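Report on the following structure.
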Amino acid sequence: MSATESASTCPIHEFNHYAELPFGEKLARYDDLRDEAPVIRNEFANGHYIVTRYEEILKAYQNAKVFSNTAVTVFNPNPTFRWIPQMLDGSEHKQWRKQLNPLFSPKNVEGLEDKVRERAVSLIKSIATRGKCDFMKDFALQYPSFIFLELMGMPFEDLDKFLHWEDEILHVSGDAEETARRRGVATLELTEYFRKLIDERRTAPKDDLISKAIEFEIDGAPATQEDLESFCILMFMAGLDTVTATLGTTFLHLSTHQEDRQAIVDDPELIPSAIEEMLRAFAIVIPSRKVLEDTEIAGCPIKAGEMVCLPLNLATRDESVYEDAKEVHLDRSPNNHIAFGAGPHRCLGSHLARRELRIALEEWHRYIPNYRLAPESHPTESGGQLGPNGNIILEWDI
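First residue of the sequence shown? That's 58 in the working numbering, and the numbers climb one at a time after it.
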């Protein structure tokens, strides 16, 4: 059965989820797709399927034998690269995760608390006296980036380089061919940077993530240079962009919903629950998987070799699972969302991300409790995940 014949059993769209749109329009579009059918055929980017509901999305994440991580973007079902360990399956993936998991465990992450808080306070204090800021540029981009550089043992003066590469790889918009070209150029530049850094660490190890990864063994042999470079690239993308995007969606919501902002100011103990609700309501990551064998999802047959998109927001905003799912309730309980994914590839850095988010909300509302979205703000979003690109102008009285 061809993709066209398979698509006859589900609605067909051409949805460019990389296009630049006003913030919130993509989320609304995804909500519409969920309401329409459990599986959608999307003719954009070589054609792929979008799974739209919690049950089917969760099952796909948990079935790595059929839904493979060897390809993770609908633009490229046959990549010549692999991000380590995200694009691994089976035994090799398990070996990487077994050695990485202790480094990102709750106990190990707890040891970073003071450094993370120090960085947050320093940035927020420098902003507080201004009465206005470009939130994404002045805080949401810089704060997690400094934490990433600290973990990787990299110089802070290289921050601007990394922010440029991050934007080119994850947020460039336009037609598919131009997007792929720019992403490729940035990836090559980033790979060369990490190649030199790994060579330096082999000669002079430090107490950082790169030096520890050099000591990893896979199938009884040291991790290869190529795999170490790919590992660094994945840490770069995951460590910088996801927390930045979640901070953007969180503060955009709080600055436009004053009752929620005030609730956090009045009761800081609400912050952990509020973070979980923001993660659920605005789950940002839109992963894809490659189908390894003929299968069927909600009655829609899908051939081996096809790409399947599994947007996390479609699962976490499913009304059949979460009451009033499209609304934000800071005290929602229970809130067993899958914003960090599910199955063997569940987010490695979830404990660190939660800590970064918690500290950011605690310290921001300690120093800048009464802020609002400035009238000149017109946030947009583009690229392969949800989350504002910028133009979140916050203002407050001083």
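Just so you know, even glycine gets a beta-carbon here, dropped at the ideal spot from N, CA and C.
For clarity, every value in this text was computed on a predicted model and none was experimentally measured.
Whole-Å CB distance - residue i paired with residue j, under 8 angstroms assumed
i, j, result
"I321", "L418", "7 angstroms"
"G356", "T66", "6 angstroms"
"S287", "R139", "6 angstroms"
"Y200", "R176", "6 angstroms"
"I449", "P436", "5 angstroms"
"K347", "A128", "4 angstroms"
"D195", "I184", "6 angstroms"
"V131", "S345", "5 angstroms"
"I275", "R258", "Contact doesn't hold; Cβ gap of about 18 angstroms is too wide."
For residue i, the residue or residues it bridges with in DSSP
i, result
"H105", "N99"
"V348", "F124"
"I450", "D191"
"E438", "L78"
"H310", "Bridge partners of H310: none, in fact."
"E353", "P358"
"H70", "N99"
"V342", "Q442"
Contact check, residue i vs residue j, beta carbons under 9 angstroms
i, j, result
"N126", "Q143", "yes"
"I395", "A372", "yes"
"Y106", "V365", "yes"
"H310", "V378", "no"
"D265", "I141", "no"
"G398", "P134", "no"
"L297", "L220", "yes"
"E207", "L169", "yes"
"D157", "T303", "Note that residue 157 is Leu in the sequence shown, not Asp. Contact flag unset, no."
"V460", "Y428", "The first residue shown for the chain is 58 and the last is 455, placing residue 460 beyond what the model contains."
"T301", "S202", "yes"
"T109", "V123", "no"
"M193", "F293", "no"
"R389", "E334", "yes"
"Q282", "R252", "yes"
"S159", "H408", "Ser is not the amino acid found at residue 159; the sequence shown has Pro there. No, the Cβ-Cβ distance between P159 and H408 is not below 9 angstroms."
Delimiting residues of the beta strand (DSSP E) encompassing residue i
i, result
"I359", "357 to 359"
The alpha helix (DSSP H) enclosing residue i, as first and last residue numbers
i, result
"H221", "216 to 227"
"N158", "Per DSSP, N158 belongs to no alpha helix (DSSP H) and is neither H nor E."
"V322", "315 to 323"
"P201", "199 to 209"
"P142", "Neither: P142 is in no alpha helix (DSSP H) and is coded neither H nor E."
"P163", "163 to 167"
"R174", "170 to 185"
"E113", "111 to 119"
Checklist entry - At what residue ranges does the stretch 241 to 288 contain a whole run of the alpha helix (DSSP H), taking only runs of 4 or more? => result 266 to 271
Next on the checklist: What ranges does the beta strand (DSSP E) occupy inside the stretch 364 to 434, keeping only unbroken runs of at least 3 residues that lie completely in it?
Outcome noted: 364 to 366, 428 to 430
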